[in-house]
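So the sequence shown is numbered by the working numbering: it starts at 4 and just counts up by one.
Think of the CB as a built atom: it goes at the ideal place given N, C-alpha and C, for glycine as much as any other residue.
In what follows, a single structure is set out as structure tokens and then discussed.
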Amino acid sequence: MAQTQILLACYNGRSYLDAQIRSIVSQSEPDWQLLMRDDGSFDGTNAILRAWAQREARLCLLADHKATGGAMTNFRLLAAASTAPYVMFCDQDDVWHPDKLQKTQQKMRAMERQFGADTPILVHSDLRVVDQDGREIAPSMAAYQKLDLTRTSFCQLLSQNVVTGCTVMVNRALLDLAAPWPDQAVMHDWYLALAAACFGQIGLVEEATLDYRQHGRNQVGSKNAGSAQYVAKRATEPKKSRQVLLDTYAQAGAFVAQFGEKMPPAYYEAARAFADMPQKHKLSRLYTLTKYRLWKGGLVRKIGQCLYS
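Listed below in structure tokens is the structure:
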């Protein structure tokens with residue numbers, strides 16, 4: 004069995020799928036298996052995956068390709084099918100740098116030597132942002148989005164995620180702890196990061212390990228958080244901004260429901276207070292953010308919390 008299984012969740016991804024799979028097949032570290040699942044595509048994606056699985060022994064296409072309606076559920080099914088000591092998550096439209104797996108695995112194993120293999124551990128990295136044709140937009144997505152990738156304490160992650168799923172490796176201890184993640188999880192990467200911060204460790208590879216392709220069909224996408232356009236867009240979409248915050252409160256509530264008093268007492272108290280935010284009046288919400296250090300990073304995001312929380 005491969006030491007690392009890479010989970011590739013697909014939906015109507017034929018435009019960039021070959022480039023992504025080629026970048027995985029070309030990794031400098033050869034000990035891996037690629038688990039692939041199609042979520043009911045109608046653009047020929049499934050045929051591309053079948054063809055790759057037939058010619059490359061390390062590629063396995065799950066037989067179930069019924070539509071689930073979302074990437075998070077698609078990844079949840081792939082995670083349930085995984086058995087390897089280490090698992091990575093892979094988007095269909097990126098390009099991995101040749102040493103991505105090797106560098107991420109080196110960081111993971113160093114952390115396991117330090118903290119123990121039974122410790123739930125997540126490792127993530129920065130990304131290089133490119134356009135649909137692979138031309139560079141920004142050498143660092145963290146800088147582009149004004150994100151501090153080291154802001155991974157549990158309370159920081161309750162309100163803001165800085166872990167990007169397509170950069171992530173988790174060990175079996177973390178996957179067994181957190182999966183299956185609940186429907187209230189905003190995304191699988193965020194929920195896994197919360198679990199690692201609460202019960203284990205988070206490590207960072209301090210460089211870009213893949214090209215993140217920015218195009219019109221990205222489910223999440225990379226946004227220049229320092230641009231006037233970004234600030235104006237957030238200001239003109241109050242309902243959307245409030246919904247984003249409500250989703251984070253629901254995710255905190257689901258985390259408390261799953262783990263309860265197994266959590267360290269301080270984290271349990273903070274998560275419960277954050278989950279209860281919709282029931283509090285404005286001043287109480289701002290007090291909660293301050294008391295438990297739940298503020299997002301950056302002035303623009305903090306202002307958004309003040310306005311819409």
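Exercise for the section: Spell out a yes or no on whether the stretch 41–58 and the stretch 122–139 are touching, meaning 3 or more CB-CB pairs, one atom from each, closer than 8 angstroms. Expected result: no
Handout entry: For residue 18, three-class secondary structure by DSSP
Key = Within the sequence shown, the letter at position 15 stands for residue 18. Of the three classes helix, strand and coil, the one that applies to residue 18 here is helix, per DSSP.
Practice task
Give the C-beta separation of residue 17 and residue 47 to the nearest angstrom, bearing in mind that I take them to be a contact with Cβ-Cβ under 8 angstroms.
Solution key: Position 14 of the sequence shown holds residue 17. Position 44 of the sequence shown holds residue 47. Indeed they touch by this definition, with Cβ atoms about 5 angstroms apart.
Handout entry: Cβ shell of residue 131 (< 6 angstroms), same chain only, five flanking positions each side left out
Key = Walking along the sequence shown from the start, residue 131 turns up at place 128. If we look at residue 131 and ignore the five residues flanking it on each side, its Cβ neighbours are 142, 211 and 214.
Exercise for the section: Inspect the CB distances between the stretch 153–161 and the stretch 188–208 and report whether three or more fall short of 8 angstroms. Expected result: yes
Handout entry: residue 48 (DSSP reduced to helix, strand or coil)
Key = On the sequence shown, residue 48 is found 45 positions in, with the first residue counted as 1. If DSSP states are grouped into helix, strand and coil, residue 48 belongs with the helices.
Exercise for the section: Report all residues from its chain with a CB closer than 7 angstroms to the CB of residue 4; omit the five preceding and five following residues, and keep chain order. Expected result: As a working mapping, residue 4 is identified with position 1 in the sequence shown. Cβ within range, chain order: 86 and 87.
Handout entry: Residue closest to residue 270, alpha-carbon to alpha-carbon, out of 289, 38 and 296
Key = What you label residue 270 is simply residue 267 of the sequence shown in a count that begins at 1. It is 296.
Problem - For residue 306 and residue 252, the rounded distance between their alpha carbons - result: Along the sequence shown, read from residue 1 onward, the residue named residue 252 stands at position 249. Along the sequence shown, read from residue 1 onward, the residue named residue 306 stands at position 303. Each residue's Cα considered, the two are about 18 angstroms apart.
Practice task
List the residues that DSSP assigns as beta-bridge partners of residue 89.
Solution key: For the purposes of this step, residue 89 is taken as residue 86 along the sequence shown, with counting starting at 1. Its beta-bridge partners are 7 and 174.
Problem - CB of residue 254 within 7 angstroms of CB of residue 188, strictly - result: Here residue 254 is taken as the residue at index 251 of the sequence shown, counted from 1. Here residue 188 is taken as the residue at index 185 of the sequence shown, counted from 1. Going by C-beta atoms, residue 254 is nearer than 7 angstroms to residue 188.
Problem - Buried or exposed (CB count within 10 angstroms, at least 16 for buried), residue 147 - result: The residue given as residue 147 occupies position 144 in the sequence shown. The residue in question, residue 147, is buried, as its Cβ has 16 or more Cβ neighbours within 10 Å.
Problem - Own chain residues within Cβ distance below 8 angstroms of residue 308, not counting five before or after - result: Here residue 308 is taken as the residue at index 305 of the sequence shown, counted from 1. So the qualifying residues of the chain are 162, 248, 292, 298 and 299.
Problem - Start-to-end residues for the alpha helix (DSSP H) that takes in residue 250 - result: Here the question's residue 250 lines up with position 247 in the sequence shown. Counting along the chain, residue 250 sits inside the alpha helix (DSSP H) bounded by residues 241–262.
Exercise for the section: Return the chain-ordered ranges of every beta strand (DSSP E) run that is complete within the stretch 113–168 and spans a minimum of 3 residues. Expected result: 124–133 and 139–141
Practice task
Note down the Cα distance separating residue 257 from residue 111, rounded to an integer number of angstroms.
Solution key: Position 254 of the sequence shown holds residue 257. Position 108 of the sequence shown holds residue 111. Residue 257 and residue 111: Cα-Cα distance of roughly 27 angstroms.
Practice task
Compare the Cα-Cα distances from residue 101 to each of 91, 166, 34 and 27 and report the closest residue.
Solution key: Working through the sequence shown from its first residue, we reach residue 101 at position 98. When only C-alpha atoms are compared, the closest one is 27.
Problem - Neighbourhood of residue 204 by C-beta, 7 angstroms cutoff - its chain only, sequence neighbours within 5 removed - result: Residue 204 sits at position 201 when you count from the first residue of the sequence shown. Answer for residue 204: 114, 118, 122 and 124, listed in chain order.
Exercise for the section: Answer with yes or no whether the minimum CB distance from residue 191 to chain B is below 7 angstroms. Expected result: The displayed structure is made up of one protein chain only, and chain B is not part of it.
Handout entry: Selected residue, minimal CA-CA separation from residue 145, among 312, 310, 78 and 301
Key = Residue numbering aside, residue 145 sits at position 142 when the sequence shown is read from its first letter. When only C-alpha atoms are compared, the closest one is 301.
Practice task
Please confirm whether residue 36 and residue 8 have their CB atoms less than 7 angstroms apart.
Solution key: Numbered from its first residue, the sequence shown carries residue 36 at position 33. Numbered from its first residue, the sequence shown carries residue 8 at position 5. Contact: yes.
Practice task
Compare the Cα-Cα distances from residue 311 to each of 241, 250 and 261 and report the closest residue.
Solution key: The sequence position of residue 311 within the sequence shown is 308, counting from 1. Here the closest residue by C-alpha is 241.
Exercise for the section: With DSSP collapsed to three states, give me the class of residue 62. Expected result: Your numbering for residue 62 matches position 59 in the sequence shown. Correct three-state label for residue 62: strand.
Practice task
Just the C-alpha distance for residue 182 and residue 65, rounded to the nearest angstrom, thanks.
Solution key: To locate residue 182, count along the sequence shown from 1; it is residue 179. To locate residue 65, count along the sequence shown from 1; it is residue 62. Roughly 18 angstroms separates the two Cα atoms.
Exercise for the section: Tell me the start and end of each unbroken alpha helix (DSSP H) in the stretch 268–310 that is at least 4 residues and wholly inside, in chain order. Expected result: 268–278 and 285–294
Practice task
Pull up the distance between the alpha-carbon of residue 22 and that of residue 208, whole angstroms please.
Solution key: By one-based count along the sequence shown, residue 22 stands at place 19. By one-based count along the sequence shown, residue 208 stands at place 205. Between residue 22 and residue 208, the C-alpha separation is close to 23 angstroms.
Practice task
Find out if the Cβ-Cβ distance for the pair residue 218, residue 135 is shorter than 7 angstroms.
Solution key: If you number the sequence shown from 1, residue 218 lands on position 215. If you number the sequence shown from 1, residue 135 lands on position 132. Closer than 7 angstroms, so yes.
Problem - Simplified DSSP state of residue 84, which is helix, strand or coil - result: Locating residue 84 in the sequence shown gives position 81, where the first residue counts as 1. Helix at residue 84.
Exercise for the section: Please report the residue range of the beta strand (DSSP E) in which residue 188 lies. Expected result: Indexing the sequence shown from 1 puts residue 188 at position 185. No beta strand (DSSP E) contains residue 188, which DSSP labels as neither H nor E.
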